[in-house]
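2 protein chains.
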Amino acid sequence: MRENTARSLVLPVAPTRGRLRPLGLDEVRITGGFWARRRHVNATATLAHCRDWMEREGWTGNFRAAAKGRIDRDRRGREFADSEVYKLLEAMAWEGAAYDEDVAALTGTISPAQHPDGYLNTAFGRPGQPPRYSDLEWGHELYCHGHLVQAGVAQARSRGEGELARIARRAADHVCDTFGPGGIQGVCGHPEIETALVELARLTGEQRYLDQAALFVERRGHGTLADIEFGRAYYQDDVPVRRAEVLRGHAVRALYLTAGAVDVAVETGDDALLAATVRQWEATVARRTYLTGGMGSHHRDESFGDDFVLPPDRAYSETCAGVASVMLAWRLLLATGEPRFADLAERTLFNVIATSPAEDGRSFFYANTLHRRHRGVAPPTDRVSPRADSGLRAPWFAVSCCPTNVARTLAQLPAYLATTDGDGVQLHQYADAELSTSLADGQGVALRVRTDYPSGGTVTVRIGRSPARPWTLSLRVPGWTAGATARLVDPDGKQRTVTPGTAQLTRTFRPGDEIRLELPVAPRWIRADPRVDAARGTVAVQRGPLVYCAESTDLPGGHEADAIRVDPSTAPQDGPGGSVVAEGGLAGPRDTTWPYQPLDQATAPATARTAITLVPYHSWANRGPSTMRVWLPTTPPPTTPTRR
Amino acid sequence: MRENTARSLVLPVAPTRGRLRPLGLDEVRITGGFWARRRHVNATATLAHCRDWMEREGWTGNFRAAAKGRIDRDRRGREFADSEVYKLLEAMAWEGAAYDEDVAALTGTISPAQHPDGYLNTAFGRPGQPPRYSDLEWGHELYCHGHLVQAGVAQARSRGEGELARIARRAADHVCDTFGPGGIQGVCGHPEIETALVELARLTGEQRYLDQAALFVERRGHGTLADIEFGRAYYQDDVPVRRAEVLRGHAVRALYLTAGAVDVAVETGDDALLAATVRQWEATVARRTYLTGGMGSHHRDESFGDDFVLPPDRAYSETCAGVASVMLAWRLLLATGEPRFADLAERTLFNVIATSPAEDGRSFFYANTLHRRHRGVAPPTDRVSPRADSGLRAPWFAVSCCPTNVARTLAQLPAYLATTDGDGVQLHQYADAELSTSLADGQGVALRVRTDYPSGGTVTVRIGRSPARPWTLSLRVPGWTAGATARLVDPDGKQRTVTPGTAQLTRTFRPGDEIRLELPVAPRWIRADPRVDAARGTVAVQRGPLVYCAESTDLPGGHEADAIRVDPSTAPQDGPGGSVVAEGGLAGPRDTTWPYQPLDQATAPATARTAITLVPYHSWANRGPSTMRVWLPTTPPPTTPTRR
C-alpha cells in the first residue's frame, strides 16, 4: 500500500494508505447529465424536504425538549431519530456554503442537548429515560454518535471546523472514554461508529479514534449482544469479522460494519482483515445480490437471505443497503484499485440510489422491489408511511433512514468519479464533469469529460492541463460490456478494442488532446444463474449499466405487467425516449380454481404478439400506480447450450 | 339448509343446520394405516411431550403462580401461553378416558386462577400486571378464552360436563358480559373466540353465546384495533368480513375468523355471510395456497402474500394455518356438501398436518418450507427453538402453538372421515375404519372401510348393517384424479368410470355387500400456474394426495437438492418403499463472480443423467439434516400446448 500524503481536500473518505487516492469535492465538478439533474433536485428540494419533515415529526424538536428537561415526556420518533438530523447535517455540509445557515441553525438546536461529558442522545440517559447504553442491542446510541461524527467530519472538511465538528469530536471522545479497553466491553447493535471514528482519526490524526474503531471491529462476533429472535447474525455478532465468509443478517448493518473493517484494515495495514472483507464481498456479490445491485431479500429482518434467495417480488433491497454497498465498494476500490468494485458501485448508483427518490426529490422508496404485482395506492402526503410498501414512493417514513442517506450520497457523489495514484488519473464513473487535481510530483492535471452516459456509450476526455511528461489515464471498462465490443480511441485517432477491467493510455498528453471511450450500450437480454430459483424461466434487459423494467403504464389494453411474455430469440431494440422495445406477447390471465395441474393437462394461456416497451428501472412509478416486472417470463423458455 | 336434530354425539363441530351432519368420534373408528399410526403416536407420545414441556417452561406453573398471587413476578412464556394448556386439554378430552387423570390434574391447576367473574388469564388483570383488555391488539385474552371454551366443549361432549366445562362456561359468560352490546366495543387481535362461542351455543343451546360470536364477526373490519406496522389487514380489521374478497393478513387469524364466520352464518341462516366466506375461500385457494395446501408465504408477519406470491424457499406455511384451513374446509363442507372442501382438507392433512410432527411425535415443524437450500443443524433438545427455522423439527418453541394444534387435530381426526345427510352416508376421507351411524329415520348403518390409502388407491367399503330400503352411499372422487381414470365397482361387480366430485350409489344394500373405489395413484408431474413466478420452469410430483420431494439424503455423490434437474417428458415411476423415481440429472453448481450473464454468453451446467428418488413430503427431515426441494427444475424446460 501507498502512503497518502496529508491533504486538506473536501474528501468524504480520506484513507492515508491504499492503491488509489480519492479526489476531493473541490477537485471534481459534475456539470451535466444524469447525475447533475439528480444532484440539483437533491440540493434544491430534498434537503429542505427532509429538514421540514424532521421538524414536523418532532425529531429536531427532541433536541430542544432534551435541553429544556422535558424529553422524558415529549420525545417523538424512534430510538434512532437523532441520526436523521445528523445525516441531513452531513448532506448539507457536503453541499457547501449554500447550506451554512441551515447547518448553523440545526447545530444550534442539537448543541444544548449534549451532556458535559460529550454524550448526546435524546432517547437515553435523562431522568425518566432508560440509562445510557442499557440497550446496546436496539438502542442505537453508538450508531447515532457515529452519524454525528460523520456530520462533524463533513463540516470540518467542507467548511472548516465549526461548532458541529466540535460537538462531534466531544462525542467521539466520550465514546472512546466509555468503550475503550477499560470501559464497557460491548458493541452497538447497529454498526456505523466504526467507519465514523476512522474518518475522524484521518481528519485529526488522533490515534485513539482509530484504536477505538479497531476495537469495535474486533469485539464484534463474540456474542456480547443478546441472542435475539433473528439470531446474533442479525447484527453480525455471530462470527468475528475476520473469520466470516459472507455478509449475512441485516444488510445495512453488515455493509456498514464491513466498510468500517476496510477502513481499519487500511489504516492499520492489516492485510488479513482487508482480505477477509474482500472475500465476504465476493461471496455476497456472487450469490446474494440482485441484478440492480440491491442487497437484502428478507422483509422480516431486513436481512440477506441464503445464497441465491433473491425473489424479485419480495426483494427488500433497502435503499440504505444500496448506500452502504456503495460505501463499501468505494473503500475497497481505493484500497485495491480493482475495477470490479467500481462496477458494483455503478450498478447500485444507477439502479438503487437513483431509483429511491421521485423525480421531484420529495418522495422515496425505502424498499426497492423488482416486481410489483398489483397497483398500489398513492401514499398519504401528510403523514408517515410504512417503510416496506413498495408500490409508490412516500414522502416520509416512521423509520426514515433512506431519504437522508440518499441525500448525503448524492451530495458527495462527485468524489466517486475519479482517483489518482500519483502517476496518473483513473476515471471510475462516467458523467459530464470537470476534474482538476495534481499528481504525486505536484504537477497539475485538468480534464473535461463529456458524455451523455448512460443514454449514450461515448465518453470523451479532453485534456485541459497536463505535465509535459508521460502519465497514465485509466478508464474503467465496465463489466457489463463483456461479450460486446468496447473501444478506446487515442488522441491520434487510433482505436483499439478494450475488455472489461481497466483501459490505460500512457503518454505525454497535450492540452486539447481527446481520448474517446466507446461503450456498447445496446440493450441485451440477461439471464440469472439457475440457482436463482425465483428468476428461472425469465430474462431481464440491461442497457449499459441500466436495468430496465416493464411497467403496466406502457402496456396496451390495460394489461398488468404479469401478462408479459417475451421472446428472447429476438434482441431488444432501442425505443423512443430512452425506452427499449422487446418482441413478446401479452397473456390474458386465466383464473382456475386450483393453480396446480398435472403437466399433461396444463395449457399455457394464449399470447397476442405485440411489442413490449421497457423503461429504466430507476424511472418506474413516476407516472402513478402501476404494476412492474424486471424479470420477464419467456415464451418459449430460453434454452442455453450445455457446457460439457 | 337442513335442521339437524339435537344429538349428544362426541362431535368436534356440531352445526344445527347445513347440508351434511357430522359423525361423532363415537361413530367412527380409524383401525389402521397412515392415520392410525399417527394417531397412536399422538396419543402415546405427543400429548405427554406437550404436557412435560409446558410444565418445564412454566406455562402450567403460571396458573399456580396466579393462584398464589405471585404471577406479577413469576410469569413465564408469551402472552398467549395459557392457550397451549387449553389446547392440550382439548386434545386430551377428545382422546377420551385414557386422559381423564391428566385432564383432572390440569383442570385443578387452572381452576384456582379463575377470577370470581369468570375472567381467566395469567398475563393480565392482577396487581403488577397490565389491566384486563388493555391491549386488544396483542394481548390474546379473548383468544385464550376461546381455546378454554373449546377445551370445555370437548370435555362436555367427550366425557360429560365436568369442572373444565364449568370453568369454560363461566369464562364465556364473562366474555358476553364484558363485550356484549353495552360493553367494550372491541375485538381480539387474534380471532378464535368466535368459533368457540358458537360451539358452546351448539352445546348448551344458549342464544347469548351465538349472539356474542355474531357480534364479534360483524364488529371486525371497522378499524377498532390499532393501525400497526403490518396494517390492520394483519388481524382482518381492515375490511368487514362480509365485504372481503380474499383471505389476507396473518394466515391463522384469517382462517380462524372465517371458520367462525361460517359457524355464525350456519347457525343464523345468514346465506349472504356464508357466500362471502365461500368467495374468500375460493380466491384464496386459487391464488394464495401452496401445492401442499399450506397457506401463508410471509415470514415477516406470518401472513398471506399477494396473489401468486408463493415462494417455495420462503414458504411460511405455518402448521397452525394448516390446522385452521382444515377447520374452515370442514365447516364449509358440512354447510354446502361440496367435495372441493374435502379435497383441500385432504391435501392439507397429508402434506401439512402430517408433515409437522416427527415420526416419534416429539418434535415438530412450525413453518413448512417447500425448499430447503442448506442443511440445518439439529435443534437443541433441551431448550426452545426459533419457530421459523425449518431445517429440522424442534421439540418446542418459544411460540409453541403448533404442537398442541396438531395434537388436537389428530385427536379429533376420525370425525372428519364421513357424514350423513339423513338419506345416506358420505365418505370424505379414506382410511381403514369402522363407521356406525343412523339415518334420519333412525335406522342404523354400519360400514367397514378397508384401504391402504394413500399408498394404494383401492378403497373397499363393506356393508355391515343397512336398512332394508334404498339409501345412498357417496364417495368423494378426489380432484387430484382429474385427467386419469377412477372407477367405482358396485356390489354386483359392475364398474363405471367416475370423475372428480362425488360418486353415488343408491340401492338397497345388504350386509356383506362390497363397493370398491379405484383411484389412480400413479405418480404424476404437476405444473404451477405461470403466475406462480417462484415455481416457473419447475415441476413437482404428486402421487395420489401426497406431494413428493427430493431430499439430499437420497442423492448420490453428496449432491444437494439444488443440483437436481428432471426430465418431465418421462413419467415418474413408483420406486421402492413408497418412493417415486424420476428421470433426471444432477448439475454441478458452478460459481461465478456475478450471477447474471448476457443470454448469449450464458451456459447451463452439464448434468450427469441419473435417476432421482423422491419421497413423500410429509416424511422429509426424518433422517438428519438435508436439503430438499418440492419443485424440481426441468431440463429442458417443459413446454405446454398453447390454448388458442
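So the protein lines, in turn, are chains A and B.
Mapping the first sequence onto this note's numbering, position 420 (from 1) lands on 420, and the numbers just tick up by one.
Mapping the second sequence onto this note's numbering, position 625 (from 1) lands on 1269, and the numbers just tick up by one.
Glycine is no exception: its CB is placed at the ideal position from the N, C-alpha and C atoms.
Remember, predicted model here, so these are calculated numbers, not experimental data.
- Inclusion of A:V264 and A:L273 in the CB contact set at 8 Å is warranted, their separation being smaller than that value.
- The stretch 1000–1010 of chain B makes no contact with the stretch 941–949 of chain B; the number of CB pairs closer than 8 Å stays below 3.
- Close to A:W620, with beta-carbon spacing below 9 Å, lies no residue of chain B; the smallest spacing is near 17 Å.
- One finds R536, G537, T538, P633 in chain A with Cβ atoms closer than 8 Å to the Cβ of B:R1180, taken in chain order.
- Residues of the same chain with a CB within less than 6 Å of the CB of A:L333, apart from the 5 flanking positions on each side, are F341, A342 in chain order.
- With its beta carbon at least 8 Å from every one in chain A, B:H1203 lies outside the interface.
- A straight line joining the alpha-carbon of B:S941 with that of B:P1039 spans about 23 Å.
- Straight-line spacing of the CA atoms in A:G108 and A:V239 works out to 41 Å.
- Between A:A431 and A:T458, the C-beta gap is not smaller than 8 Å, which leaves the two residues out of contact.
- In the structure shown, B:S1213 falls within a coil segment according to DSSP collapsed to helix, strand and coil.
- With contacts defined by Cβ atoms closer than 8 Å, A:W631 and A:T538 form a contacting pair.
- Its chain contains H1262 as the residues whose beta carbon lies nearer than 6 Å to that of B:A998, once the 5 sequence neighbours on both sides are disregarded; these appear in chain order.
- Under the DSSP definition of a beta bridge, B:W1115 partners with B:R1151.
- Ranked by Cα distance from A:A91, the first of A:R590, A:T610, A:N62, A:H49 is A:H49.
- Residue-level contact by beta carbon fails for A:T284 and chain B, as no gap is shorter than 8 Å.
- The alpha-carbon separation between B:P1174 and B:L1258 amounts to approximately 24 Å.
- The beta carbon of B:A795 sits closer than 8 Å to those of Y730, K731, L733, E734, A737, L808, A812, all from its chain and outside the five residues before and after it, given in chain order.
- Looking at the DSSP output, A:R527 bridges to B:Q1241.
- A direct Cα-to-Cα measurement between A:V246 and A:R465 gives close to 44 Å.
- Its Cα nearest to that of A:G18, the residue A:D421 stands out among A:R76, A:D421, A:W620.
- Between B:H942 and chain A, the shortest Cβ-Cβ separation is below 8 Å.
- Between the stretch 1213–1227 of chain B and the stretch 1154–1174 of chain B, the count of Cβ pairs shorter than 8 Å is three or higher; the stretches touch.
- By the Cβ test, the stretch 188–202 of chain A is not in contact with the stretch 58–77 of chain A, since fewer than three Cβ pairs between them sit closer than 8 Å.
- With fewer than 16 other CB atoms across the displayed protein chains lying within 10 angstroms of its CB, B:T1237 is exposed.
- Using a CB distance below 8 Å, no part of the stretch 778–789 of chain B faces chain A.
- Between the stretch 695–703 of chain B and the stretch 716–726 of chain B, the count of C-beta pairs closer than 8 Å reaches three or more; the two stretches touch.
- Taking each of A:L586, A:A540, A:G588 in turn and checking the Cα distance to A:P568, the smallest one comes out for A:A540.
- Scanning B:R1253, B:L655, B:L664 for the CA closest to the CA of B:P983 turns up B:L664.
- When the Cα atoms are used, B:G1145 and B:E990 turn out to be separated by approximately 14 Å.
- Beta-bridge partners assigned by DSSP to A:V425: A:T420, A:L473.
- Here DSSP, grouped into helix, strand and coil, assigns B:C820 to helix.
- Straight through space, the alpha carbons of B:H789 and B:S778 are spaced by roughly 15 Å.
- When Cβ-Cβ separations below 8 Å define contact, B:V953 makes contact with chain A.
- Residue environment: B:Q851 is assigned as exposed (fewer than 16 neighbouring CB atoms within 10 Å of its CB, all protein chains considered).
- At least one CB of chain A lies nearer than 8 Å to the CB of B:D1244.
- The alpha-carbon separation between A:G424 and A:H147 amounts to approximately 33 Å.
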